[in-house]
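Participant:
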Amino acid sequence: MKFRPLHDRVVVKRLESDTKTKGGIIIPDTAKEKPQEGEIIAVGPGARDEAGKVVALDVKAGDRILFGKWSGTEVKIEGVDYLIMKESDIMGVIEA
Numbered sequence: 001m002k003f004r005p006l007h008d009r010v011v012v013k014r015l016e017s018d019t020k021t022k023g024g025i026i027i028p029d030t031a032k033e034k035p036q037e038g039e040i041i042a043v044g045p046g047a048r049d050e051a052g053k054v055v056a057l058d059v060k061a062g063d064r065i066l067f068g069k070w071s072g073t074e075v076k077i078e079g080v081d082y083l084i085m086k087e088s089d090i091m092g093v094i095e096a
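For the sequence shown, our numbering gives the first residue as 1, with consecutive numbering after it.
1) Leaving out five residues before and five after Ile-84 in sequence, what residues of the same chain have Cβ atoms less than 7 Å from its Cβ?
2) Taking the alpha carbon of Met-91 as the point to measure from, which residue in Tyr-82, Arg-64, Asp-81 and Gly-24 has its own alpha carbon closest?
3) Going by DSSP in three states, Glu-50 sits in which element: helix, strand or coil?
4) Three-state secondary structure (DSSP) at Asp-81?
5) In the DSSP assignment, find the unbroken beta strand (DSSP E) run with Val-43 in it and report its ends.
6) From the DSSP output, in three-state form, read off Glu-87 for me.
7) Just checking my contact of Leu-15 with Glu-50 at CB under 8 Å: how many whole Å lie between their CB atoms?
8) Considering only residues of the same chain and omitting the five flanking positions on each side of Ile-41, which have a CB-CB separation below 7 Å?
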C-alpha cells in the first residue's frame, strides 16, 4: 500500500467477525454489524505538542485494536476497504 497517514492518524483494516453465534445460528450479511476490531496497517509520525515537538503514537503497524462503532472515515485504497482515524478514536490494543 502506498499511503502514509499524516499527524496522529492511523490506517486500520477491519477484522472480519464470526458469521455464527455461540449457539450455532448463522448471521446473514444484511444483519451483521460492522466489527469494532481491526489491525493497524500504517501510522502517521505523531501529533505536535504546544512546543512544536512531535509526540510519537502509542500504537504501531501490526497492532490489533478496538475502536468505537462510528470511529474513522471509510476509504478504499487499491480496491481494499480501510478506516482512517485519529489515535484518540482507538479504545485499546489487544495483546496477543
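The C-beta atom is built at its ideal place from N, Cα and C for all residues, glycine as well. These numbers were taken from a predicted model, which means no experiment stands behind them.
Facilitator: For this structure:
1) Indexing the sequence shown from 1 puts residue 84 at position 84. These residues qualify, in order along the chain: Pro-5, Arg-9, Val-11, Gly-72, Thr-73 and Val-75.
2) Taking the first residue of the sequence shown as position 1, residue 91 is located at position 91. Minimum Cα distance to Met-91 is reached at Arg-64.
3) Within the sequence shown, residue 50 is the residue found at index 50, counting from 1. Glu-50 falls in the coil class under three-state DSSP.
4) Counting from 1 along the sequence shown, the entry for residue 81 is found at position 81. It is a strand residue.
5) Walking along the sequence shown from the start, residue 43 turns up at place 43. Where Val-43 is concerned, the enclosing beta strand (DSSP E) stretches over 37 to 43.
6) Against the sequence shown, residue 87 aligns to sequence position 87. Of the three classes helix, strand and coil, the one that applies to Glu-87 here is helix, per DSSP.
7) Numbered from 1 along the sequence shown, position 15 holds the residue referred to as residue 15. Numbered from 1 along the sequence shown, position 50 holds the residue referred to as residue 50. At roughly 36 Å, the Cβ-Cβ gap does not stay under 8 Å, so Leu-15 and Glu-50 are not in contact.
8) The sequence position of residue 41 within the sequence shown is 41, counting from 1. Hits under 7 Å: Met-1, Val-11, Val-12, Lys-13, Ala-61 and Tyr-82.
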